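The next block holds one structure in the form of C-alpha cells; read it before the comments.
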Amino acid sequence: MSHSPVATYFLNIKNSLVSSMEGMAVTMSWLFRKPYTVQYPYAPVEPNKRLGGPETLPERYRGFLEVDIDICTACLACERACPIECIRIDVEKRVQAHDPEQKEQRMLVRFDIDMAKCMFCGLCSEPCPTGAIRHTGHFEAPVTSTEHLYMRFVDPAKPRLPYKVKKGEEPVTKPKGQIAQALYVDRKWNQGPIDFPEIPKAPVEPPPA
Amino acid sequence: MQALIQLMRDVFPSIPAAIEPYLATAVLLIAAFVLVVFAAIYAGVFIFFERRIAGRIMSRVGPNRVGPHGLLQFIADAVKLMIKEDIIPEAADRPLFRLAPYLVFMGVVAGFVVIPVSPHIIAADLNIGLLYVLAITSIAVVGVLMSGWASNSKWALFGGMRSAAQIVSYEIPNGLALLPAVLLSGTMSTQGIILAQGGAPNAPFYLAGGVPWNWYLFHSPMTMALFVVYMLAALAEGARIPFDLPEGESELVSGYNTEYSGFRFGAYFTAEFAHTWIAAGLAVIVFLGGWQVPFVQASTILNSQGWSMVGFEILAMTMFMAKMVAVIFIIIQLRWTLPRVRVDQMMVICWKYLLPITFVAVFLVLGWMLVLPWESPVAIAIRILMVVSALAVLGHYIKRVHYAILAAHDQAWMSFKVLPKFWI
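Structure below.
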C-alpha cells in the first residue's frame, strides 16, 4: 500500500513515536524481572546437583581425585604413574609407640595431591591395587586461591600404617564420592588462607654424575 | 565581579577594601572548583546508574563489586584511568591533541553554571542564561573536531567530522525548541523561566506553584511536540544513542577519542556523561517547571527566612531532582532501547522532520499567545486537558509494560521463578 508523500511524512512521525514507546515498554518490563545472570559463586548454583548429582555421571568420568586412605597400601604406584608429579607420598620407617616388639614399620607420613596441577588423565587410579585413589563425579570447587586445591589426605602429625592386603578379602571402602563431597563441595569457597604445618623435606637426590 | 564585590560589602561590611578583589577572585575560583567536582561526581553516579539499568534491561546484574551495590565503581574506574599510560601518537599534533579534551570538558562544565538546583543554589543567574548555555556547550564541538584532526587517525577524523555535522545541525531545532519558553516568560534567565511557571502572584492555590498545568510542557500541543523535539536534539547534541554516530564503536572504533588514553580519555568520558545533566536540566527548567513546589507560591519560597527557608530549599531541590531523575532515566532507557540511526537518517530526522516541526510549532505558539492569554479560563482548561491527555499516554505506556511482562512469562526459557532468590 502506497501513501502520498504527505501521508508518508506524518505516518513516519507516528510510527517512530509509537514504535519507540513500544520498545521502551519492552525494556521497561525487564526492569521488573530478576536478572538471569547468577552471581556465582555467591549464589548457590550447584551445577552438579542440577545435572542430577555425581551418580548420574558415567562410571569412568574423571572428576576430582579422592583417596580412601584406610585402604591405601602406600605402594607409591600412583605417585610413579603421575606424569606431572602432582601426587606426593612420603613413607618413613618408624617405631610405633605402643608396639611391644619395638619393630620398625613403614608409615604413611604424607599423601598430598595438588588438584590445581592435576590434569585428570586417570593414570594414577589405574595401577592402584586396592582402588584407594579414584576419580569421582565431582567437578565444582570454586576457591579464592589455588592453594585451597592442595589436598592433604594424611595428617602429618598423625602418620598411619598402610593397609595390608589379605588373601581372599576384598578391601572395604567408603562409597565413591563421599570423601570428595566433604573435601571439595561441602566447604566454604571463600575460606581464609591455609596454614600448612611444617613437614621435614625429603632429602634431595643428588643429580646423576 | 562587581556584583559579587557589592554583595560582599552588603553581607560583610567590615572587609577592608584592599583585599576585596582578591577575596572575590577566591570565591569565584572556589565556585568553579565546586562545579567541576560536582560535574565529575555527577558523571560517575550517572555512569553507575546507566550501567545498572543497562544490566537489568539485558537481564544482567551490572557492576556490583566495588562498594555497596557497586556504587563506588566509578571511583575505581577513574583511578584506573588516571594511572594508565598516557599515550600521544607519534604523528599527532601535540599541542592540539593535549588541548582538545579540556576544551570539551570546559564547554560542558561551563554549562553547569546556569542550571539552578533550587531557588538559591545556582552558580550564576545570568540574564542570558539559555543563550549562554546553548553557546557554551557548542564550544565542545571545537574540541571534538580538534581532537579528530590532531589525532591524525582516520577513525578519529571521521568521528570528529560526524560530530561537527551532527552538533551544528541539531543546534537549530535544539535552540528553537527552547524558544517558546523565552516567548512565554519574557526572559532568558533560567531562574526567570522557572519563576514564570509558578502561576500569577495572586493565583488561587490550585494554580499556584509547580503544578503540572503551570508547566510550559502542557501549555499547548505544540509545546508537547517541542518537548519531544528538544529531547531528540539534546540526545544528538550529547552524542547519545540513537545519535551516537560520532563514536559509533562498530564503525569508528571509538570515534574522535580513539587515540586517547588515560586521563584525557577520562576527561572526554566525564564530559560526555556530564552533558546529560545540562540536557536534562534544560528540559526540566524549560518544560517541567524546574524547582517549583506544587501549590506553593514562588514568592513564599523566596521570601521565607531561617529554618522555613532551609525547608523550602530542600523541598524545591527534591522537586528538581525528582524531575531530573525521571528525565535522565528516559535518556538512559532510550539508549538501551533504540538502535543507532544511519548518517543519512540522522540528517533526515534533523532537517526534514525536527526543523519544520519546530518552525510550525513556534509560530503556532506565537498565535496561541495572542488568542489565549496565560491566565484566561480557556487556556487553563486546555492546560489541564493537556495534563489529562499526557496521563492517558502514561497509562497506555504502563499497560504496554504490563503486557510485555505477561507476554515474556509465557515463554518457557524465561522461567525465572525456579532460580533461587539472590541480590548482592
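Sequence order for the protein chains is V and F.
Anchor point for the first sequence: position 58 equals 140 in the numbering used here, and the numbering is continuous, going up by one each time.
Anchor point for the second sequence: position 314 equals 426 in the numbering used here, and the numbering is continuous, going up by one each time.
Where a beta carbon is used, it is the ideal one built from N, C-alpha and C, also for glycine.
Note that this is a predicted model, so its numbers are computed, not measured.
- Excluding five sequence neighbours on each side, which residues of the same chain lie with their C-beta closer than 6 Å to the C-beta of Val191 (chain V)? Here residue 191 (chain V) refers to the residue found at position 109 when the first sequence is read from its first residue. The answer, listed in chain order, is Asp172, Glu174 and Pro241.
- Query: Hey, does Val108 (chain V) have any beta-carbon neighbour from chain F nearer than 8 Å?
  - Reply: As a working mapping, residue 108 (chain V) is identified with position 26 in the first sequence. Answer yes: the Cβ-Cβ gap between Val108 (chain V) and chain F drops below 8 Å somewhere.
- Message: Can you check whether the C-beta of Pro285 (chain F) is within less than 8 Å of a C-beta belonging to chain V?
- Response: Along the second sequence, read from residue 1 onward, the residue named residue 285 (chain F) stands at position 173. Output row for Pro285 (chain F): interface = no.
- Message: Give me, in chain order, the residues of the same chain whose beta-carbon lies closer than 7 Å to that of Ala337 (chain F); leave out the 5 immediate sequence neighbours on both sides.
- Response: Locating residue 337 (chain F) in the second sequence gives position 225, where the first residue counts as 1. Ile469 and Ala473.
- Using the rule of at least 16 other Cβ atoms within 10 Å of the residue's Cβ for burial, across every protein chain shown, is His220 (chain V) buried or exposed? To locate residue 220 (chain V), count along the first sequence from 1; it is residue 138. Buried: at least 16 other Cβ atoms inside 10 Å.
- Query: Any beta-carbon of chain F closer than 8 Å to the one on Leu205 (chain V)?
  - Reply: As a working note, residue 205 (chain V) is residue 123 in the first sequence. No, no contact with chain F.
- Could you tell me which residues DSSP pairs with Tyr232 (chain V) in its beta bridges? Stepping through the first sequence from its first residue, residue 232 (chain V) is reached at position 150. Paired residue(s): V:Asp196.
- In the structure shown, what three-state DSSP assignment does Pro406 (chain F) receive? Within the second sequence, residue 406 (chain F) is the residue found at index 294, counting from 1. In this structure, Pro406 (chain F) counts as strand in the three-state DSSP scheme.
- Query: Using a beta-carbon distance below 8 Å, is Tyr118 (chain V) in contact with chain F?
  - Reply: As a working note, residue 118 (chain V) is residue 36 in the first sequence. Output row for Tyr118 (chain V): interface = yes.
- Message: Would you say Gly167 (chain F) lies against chain V (beta-carbon separation less than 8 Å)?
- Response: Position 55 of the second sequence, counted from the first residue, corresponds to residue 167 (chain F). Judged by the 8 Å Cβ criterion, Gly167 (chain F) is in contact with chain V.
- Message: Is the beta carbon of Arg115 (chain V) closer than 8 Å to that of Ser204 (chain V)?
- Response: To locate residue 204 (chain V), count along the first sequence from 1; it is residue 122. To locate residue 115 (chain V), count along the first sequence from 1; it is residue 33. Looking at the sequence shown, residue 204 (chain V) is not Ser but Gly. No, Cβ-Cβ distance for Gly204 (chain V) and Arg115 (chain V) is not below 8 Å.
- Task: Run the CB neighbour count on Ile536 (chain F), radius 10 Å, all protein chains shown included, and call it buried at 16 or more, exposed below.
- Result: Here residue 536 (chain F) refers to the residue found at position 424 of the second sequence. Note that Ile536 (chain F) scores 27 on pLDDT, short of 50, meaning its location in the model is unreliable; the coordinates nonetheless yield the value given after this. Exposed, since its Cβ has fewer than 16 Cβ neighbours within 10 Å.
- Task: Can you pull the chain V residues whose beta carbon is under 7 Å from the beta carbon of Arg172 (chain F), in chain order?
- Result: Here residue 172 (chain F) refers to the residue found at position 60 of the second sequence. Ordered by position in chain V, the residues that pass the 7 Å Cβ test against Arg172 (chain F) are Pro117 and Thr119.
- Message: Check for me: the beta strand (DSSP E) holding Val64 (chain V) runs from which residue to which?
- Response: Because chain V is modelled from 83 through 291, residue 64 (chain V) falls outside the range shown and cannot be assessed.
- Item | Helix, strand or coil at Leu147 (chain V) according to DSSP, with G and I counted as helix | Taking the first residue of the first sequence as 1, we reach residue 147 (chain V) at position 65. The answer is strand: DSSP assigns Leu147 (chain V) an E or B state.
- Can you tell me the Cα-Cα spacing of Pro175 (chain F) and Gly182 (chain F), whole angstroms? For the purposes of this step, residue 175 (chain F) is identified with residue 63 of the second sequence, where counting begins at 1. For the purposes of this step, residue 182 (chain F) is identified with residue 70 of the second sequence, where counting begins at 1. C-alpha separation (whole angstroms): 5 Å.
- How many whole angstroms separate the CB atoms of Pro354 (chain F) and Pro451 (chain F), which I take to be in contact at a CB cut-off of 8 Å? Stepping through the second sequence from its first residue, residue 354 (chain F) is reached at position 242. Stepping through the second sequence from its first residue, residue 451 (chain F) is reached at position 339. Sure, about 7 Å apart at Cβ, within 8 Å.
- Item | Pro125 (chain F) versus Ser420 (chain F) - alpha carbon distance | On the second sequence, position 13 is the one that residue 125 (chain F) refers to. On the second sequence, position 308 is the one that residue 420 (chain F) refers to. When rounded, the distance between both Cα atoms is 26 Å.
- Task: Please list the partners that Thr449 (chain F) has in chain V, where partner means a Cβ-to-Cβ separation under 8 Å.
- Result: Within the second sequence, residue 449 (chain F) is the residue found at index 337, counting from 1. Residues of chain V passing the Cβ test: Ser102, Gly105, Met106, Val108 and Thr109.
- Message: Judging by CA-CA distance, which residue of F:Thr335, F:His387 and F:Asn415 is the nearest neighbour of Ala151 (chain F)?
- Response: Position 39 of the second sequence, counted from the first residue, corresponds to residue 151 (chain F). Among F:Thr335, F:His387 and F:Asn415, the Cα nearest to that of Ala151 (chain F) is on F:His387.
- Item | 8 Å Cβ shell around Leu231 (chain V) - same chain, five flanking residues per side excluded | Position 149 of the first sequence, counted from the start, is the residue given in the question as residue 231 (chain V). The answer, listed in chain order, is Asp196, Met197, Ala198, Ala223 and Val225.
- Item | Chain-ordered residues of the segment 452-477 of chain F with a beta carbon less than 7 Å from chain V | Tyr465
- Query: From the DSSP output, which residues share a beta bridge with Leu190 (chain V)?
  - Reply: Along the first sequence, one-based indexing puts residue 190 (chain V) at 108. DSSP, once it has assigned bridges, lists V:Val173 and V:Arg242 as partnering Leu190 (chain V).
- For my contact list, Pro209 (chain V) and Ala163 (chain V) are in at a C-beta cut-off of 8 Å; report their separation, rounded to the angstrom. As a working note, residue 209 (chain V) is residue 127 in the first sequence. As a working note, residue 163 (chain V) is residue 81 in the first sequence. With 8 Å as the limit, Pro209 (chain V) and Ala163 (chain V) qualify as a contact, their Cβ atoms being about 5 Å apart.
- chain F contact residues for Trp112 (chain V), given Cβ-Cβ distances below 7 Å: Mapped onto the first sequence, residue 112 (chain V) falls at position 30. Correct list: Arg168, Ile169 and Ser171.
- Taking 8 Å as the CB-CB limit, is Arg495 (chain F) close to chain V? Translated into the one-based positions of the second sequence, residue 495 (chain F) becomes position 383. Closer than 8 Å: no.
- Task: Measure the C-alpha to C-alpha separation of Ala115 (chain F) and Pro133 (chain F) and round it to an integer number of angstroms.
- Result: As a working note, residue 115 (chain F) is residue 3 in the second sequence. As a working note, residue 133 (chain F) is residue 21 in the second sequence. If you take the alpha carbons of Ala115 (chain F) and Pro133 (chain F), they lie about 11 Å apart.
- Query: Since Arg164 (chain F) is in the alpha helix (DSSP H), which residue starts that stretch and which ends it?
  - Reply: Looking up residue 164 (chain F) in the second sequence gives position 52. That run of the alpha helix (DSSP H) goes Glu132 to Ile169.
- Can the beta-carbon of Asp268 (chain V) be found less than 8 Å from the beta-carbon of Ala214 (chain V)? As a working mapping, residue 268 (chain V) is identified with position 186 in the first sequence. As a working mapping, residue 214 (chain V) is identified with position 132 in the first sequence. Cβ distance not < 8 Å, so Asp268 (chain V) and Ala214 (chain V) don't count as in contact.
- Query: Can we say the segment 218-230 of chain F touches the segment 270-281 of chain F, given the rule of at least three CB pairs closer than 8 Å?
  - Reply: no
- For the alpha helix (DSSP H) containing His387 (chain F), list its first residue and its last residue. Translated into the one-based positions of the second sequence, residue 387 (chain F) becomes position 275. From DSSP, the alpha helix (DSSP H) with His387 (chain F) extends over Gly374 to Phe399.
- Message: Less than 8 Å between the beta carbons of Ala379 (chain F) and Tyr154 (chain F), yes or no?
- Response: Residue 379 (chain F) sits at position 267 when you count from the first residue of the second sequence. Residue 154 (chain F) sits at position 42 when you count from the first residue of the second sequence. No; because the gap between Cβ atoms is not below 8 Å, this pair is not in contact.
- Query: If you draw a straight line from the C-alpha of Ala392 (chain F) to the C-alpha of Tyr124 (chain V), how long is it?
  - Reply: To locate residue 392 (chain F), count along the second sequence from 1; it is residue 280. To locate residue 124 (chain V), count along the first sequence from 1; it is residue 42. Looking at the two C-alpha atoms, the distance is approximately 38 Å.
- Message: Which residues in chain V have a C-beta closer than 7 Å to the C-beta of Val513 (chain F)? List them in chain order.
- Response: The residue given as residue 513 (chain F) occupies position 401 in the second sequence. Within chain V, the residues near Val513 (chain F) are Ala107, Met110 and Ser111.
- Message: Looking only at its chain, what residues have a beta carbon closer than 8 Å to the beta carbon of Ala395 (chain F), apart from the 5 residues adjacent to it on each side?
- Response: Working through the second sequence from its first residue, we reach residue 395 (chain F) at position 283. Excluding sequence neighbours, Ala395 (chain F) sits near Phe339, Tyr342, Met343, Ala346 and Val439.
- Task: With a cut-off of 8 Å on the beta carbons, I'd call Ser236 (chain F) and Val226 (chain F) a contact; round off their distance for me.
- Result: As a first step, residue 236 (chain F) must be located in the second sequence, where it is residue number 124. As a first step, residue 226 (chain F) must be located in the second sequence, where it is residue number 114. Ser is not the amino acid found at residue 236 (chain F); the sequence shown has Ala there. Correct: roughly 6 Å between the Cβ atoms.
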